[in-house]
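Taking it in order: structure first as structure tokens, then the write-up.
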């Protein structure tokens, strides 16, 4: 290779590092290499050379993006991983997949997609699972660590790039267990990249090195000319060659080949002919050259452009309407014209192929696999520039017709709807209900492998066919469901339209309404979500379906940060569920919502626990109400566990939330759902007083949530709990950093925050000494909650902190607030609520009464699961009594909780009036 020494040296160094790390037995030192350059600049040749030099020490896996294959999910992933997995027997493959074979194998084409009744796969879960699979594969191949080469990455499918992005983020030190080499054309400039360019830019940001490939110099061009045409190629000829090709390696090689074929003398007198010859190598000149070969080869080239990776002789013969012998003859003409290559041609340059029956990928290292004649004859264009030119030369009508023929040929050959769908996306709408059926089936397959964007494209195309009147609303419903996790606003539009049209059966109508409400809630439109559910509930006959809608309606009304008639809603909910026994899932769901609402209102904890117990079956969610159940959603079991946690039953909450993590991980739900499950476990440990463990789970929750997006509801809840936990640990500066990073503060979201956000912010402000701001924030919390009848002093501890803040300047008002909190705590009846309220009341009492109240508070807190609050109570009592032994005991308990209680609050001032023991 000419003038590629820096690029090859970078690759050689990266391979040396990778192999050295593997041989040393320590962490493998892989990473990302990125090569950028214009079409024809030599990216493919560079990757071929890297493959050759790395092949004797590494397992080299190769893949290439395709201009017409960008809509095929996991196309690049399959090229890379299928040949590598072919090295192992079935048992080893199962071990590599771990517990997620059923989730991941369909995405790799190693197993059929799940049945249509199966729940869609979580895209984040599939990406993470495939990233872990590659990590395990790298461990098994440690003696020959993997090198992944991806050519034309700008045409890679979005799902594959997202997988590579996830894999390359697994190590913060950027030392990966494999080397990933990407080659692609330059990215569009600008800060607002989206889709594939955005992912490629992110990968480049994490790359060990990113190199731009430059055009050949005049000297390198002359060297190529003399190597091809003879040493007598003179300087004027070489300069004109360089001028015509602009130093582009592909155009230079092609032009030299043409000059050699024409037996052109490489001298000054022939230089003027180069420009005409060069035009034949690209664009219209290439097309004209193709047409000169005749109608048969031209149609064959068109068919290859349409079929892409499926260009086998059998399918080519079927689409061109010729015999396979004729296909072979036309193929030979195209090969001689350097327009196409066979798999055998490519292997002659790069080494043996993988086992048959896979995408066009290859492995190097180990025993060469057998290749069938059908595989060896698999056709590709000699260069992507040729493929683009041929595909673009077809008339729109011819291109569309050929895609239609390809769809039916692939179907007849046994290919599934997903494989056929890329062709159906290109055909003209003709009210063909078979096309609609195929596209709907393809969407189901795409959803099953975690590719909702591909499913959305299929269903949008199905709508333009269009479906018949009896199916149109159903396709809209399916489209809305497909975009639920990725585009809530689009889901709202599609499901609203489906509900406005005839054709939805009763079951689908109920489900469409429920999912529409979910999408509205995800889009921060809780009030509209509740309204939609209430409207549909009125028109639904009494029974399970109506109760399903009512449960969601009450839930979303309760989730609103601002509500017109909270007490009225609570009364209606209590009346509706008064005689429920948990006879079916609709009753259990309503009992759950009622129990959560009762907890928020500060009703007796025993009643809250009774309601939650009725909502479960033997202490766990009933079948159909589980964490991954699509009918009811994860909110129902989550509300049960949260109500338990704030009713001094963190043990029961912990059982539920541990199962949530397990269920989400098994199902491959590793996005916002898994993040929220970690947040809920953080809540359990916060309530138990294990602050370091709470912090660990909450930070993991934020890490998982950050991968999904920004400003999600789980961000608000997790940041709120983490701020509260850090303040409890005495780490005020860290708490402020979290609050600032996640914009924790006004303006507040339209949904409530777990626990009450303004109360926690007020506590942070007090810890920072910003008393006036804290008072204003806590008073705002009071105004928002009291009017709704929400008085849970542990969920929303604003009265406790507001009384403390006002005590030095307005003790009478502070005493009134503390007395109100104590009354609400007495109604709740949990040891934690009683102990915390008594601690607050002690602040406003005279010394003897303060000691009595604190003694009683400690007794309650010692009987609670809240070890941190007990430590605070014991510290207060020790300071008031002056007991060194009690102070040591309180400090030891606080240390066990992971808290630092070095700060002194106002109650300590009372201690000076009492002599030490």
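Numbering (our numbering), first residue to last: 17 to 933. Where is the CB? At the ideal position from N, CA and C, for every residue including glycine.
Three or more Cβ pairs drawn from the segment 676-695 and the segment 714-722 lie within less than 8 Å of each other, which places the two stretches in contact. Where residue 462 is concerned, the enclosing alpha helix (DSSP H) starts and stops at 449-464. Comparing C-alpha distances from residue 173 to each of 242, 149 and 91 shows the shortest one belongs to 91. By the Cβ rule, the segment 138-151 counts as touching the segment 162-179, because three or more pairs are nearer than 8 Å. Between residue 568 and residue 545, the C-beta gap is smaller than 9 Å, which places the two residues in contact. The alpha-carbon of residue 892 is positioned some 41 Å away from that of residue 637. The shortest C-alpha to C-alpha distance from residue 23 to any of 40, 39, 42 and 53 is the one to 53. Taking 9 Å as the cut-off, the Cβ atoms of residue 55 and residue 465 do not count as close. Counting only the Cα atoms, residue 577 lies some 58 Å from residue 230. By the criterion of a C-beta distance shorter than 7 Å, residue 303 is surrounded in its chain by 405 and 409, once the five residues flanking it on both sides are discounted.
Here residue 186 is exposed, its C-beta having fewer than 16 other C-beta atoms within 10 Å. A straight line joining the alpha-carbon of residue 81 with that of residue 460 spans about 24 Å. In this structure, the alpha-carbon of residue 535 lies about 7 Å from that of residue 505.
The beta carbon of residue 731 sits closer than 6 Å to the beta carbons of 721 and 758 from its chain, once the five residues preceding and following it are set aside; these are given in chain order. The segment 334-347 and the segment 95-114 do not touch, with fewer than three beta-carbon pairs separated by less than 8 Å. Three or more Cβ pairs drawn from the segment 480-490 and the segment 509-524 lie within less than 8 Å of each other, which places the two stretches in contact. Judged by DSSP secondary structure, residue 346 falls within the alpha helix (DSSP H) whose first and last residues are 340-352.
Remark: C-beta atoms of residue 148 and residue 114 approach each other more closely than 9 Å. Less than 9 Å separates the beta-carbon of residue 163 from that of residue 70. Each residue's CA atom was taken as its position, placing residue 448 and residue 286 some 58 Å apart. In this structure, the beta-carbon distance from residue 241 to residue 254 falls below 9 Å.
For residue 671, the three-state secondary structure derived from DSSP is helix. With at least 16 other beta carbons inside 10 angstroms of its own, residue 76 counts as buried. CA-to-CA, the gap between residue 462 and residue 312 works out to about 36 Å. In this structure, residue 647 lies near residue 527, with their beta-carbon atoms less than 9 Å apart.
Between residue 356 and residue 33, the alpha-carbon positions lie close to 37 Å from each other. Straight-line measurement puts the Cα of residue 912 at about 20 Å from the Cα of residue 750. A direct Cα-Cα distance of roughly 7 Å separates residue 616 from residue 807. With fewer than 16 other CB atoms across the displayed protein chains lying within 10 angstroms of its CB, residue 726 is exposed. Taking 9 Å as the cut-off, the Cβ atoms of residue 611 and residue 655 count as close. About 15 Å separates the beta carbon of residue 223 from that of residue 213, a gap too long to meet the 8 Å contact definition. Non-local C-beta neighbours of residue 260 in its own chain, meaning closer than 6 Å and more than five positions away in sequence, comprise 290, 291 and 294, ordered along the chain. The bridge partners DSSP lists for residue 166 are 79 and 198. Shown here, residue 596 sits in coil according to DSSP, grouped into three states, outside any helix or strand.
A check of alpha carbon separations from residue 816 across 238, 798 and 191 identifies 798 as the nearest.
Annotated three-state conformation of residue 396 is strand, per DSSP.
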